[in-house]
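K.L.:
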Amino acid sequence: MTKSELIDAIAAGVDGLTKSKAEQALNVTLSAIMDAVAKGDTLNLIGFGSFSKGERAERIARNPQTGEEIKVSAAKTVKFKAGQRFKDAVNN
Numbered sequence: 005m006t007k008s009e010l011i012d013a014i015a016a017g018v019d020g021l022t023k024s025k026a027e028q029a030l031n032v033t034l035s036a037i038m039d040a041v042a043k044g045d046t047l048n049l050i051g052f053g054s055f056s057k058g059e060r061a062e063r064i065a066r067n068p069q070t071g072e073e074i075k076v077s078a079a080k081t082v083k084f085k086a087g088q089r090f091k092d093a094v095n096n
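With the first letter of the sequence shown counted as 1, position 84 gets the number 88 in my numbering; the numbers rise by one all the way through.
1) At what residues does the beta strand (DSSP E) containing S56 begin and finish?
2) For G51, which of E73, A15, A93 and T33 has the nearest alpha-carbon?
3) Roughly how many angstroms lie between the CA atoms of E73 and N67, to the nearest whole one?
4) Could you confirm whether any beta carbon from chain D is found closer than 8 Å to the beta carbon of A16?
5) For a test of the three-state rule: what should DSSP assign to K96, helix, strand or coil?
Okay, structure coming up:
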């Protein structure tokens, strides 16, 4: 599903909501999620899941073609843990 398809689904699911307003609502929601996680907050959406900021430690990897060792720097990442209702929907 693309962002456009998601906007269409949101607009279709709410009486009187235009695609333009659905797009605005989605953009504001996504920005709020990104801002919260970037600040280090954990965002919990009960039944859906939680978004949080994670860290990957520095490590040594190998180039699969040459076997050469490569140093991979530490990095920040986004973690998502699916909620039980989300897991149940996927498994049924």
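Beta carbons: idealized from backbone N, C-alpha and C, even for Gly.
P.N.:
Looking at the atomic coordinates:
1) For S56, the enclosing beta strand (DSSP E) has its first and last residue at G53 to R60.
2) Of the candidates E73, A15, A93 and T33, the residue whose Cα lies closest to the Cα of G51 is A93.
3) Approximately 6 Å, taken between the alpha carbons.
4) Absent from the structure is chain D; it holds one protein chain and no more.
5) The residue asked about is misnamed: residue 96 is Asn in this sequence, not Lys. Three-state DSSP puts N96 in coil, outside helix and strand.
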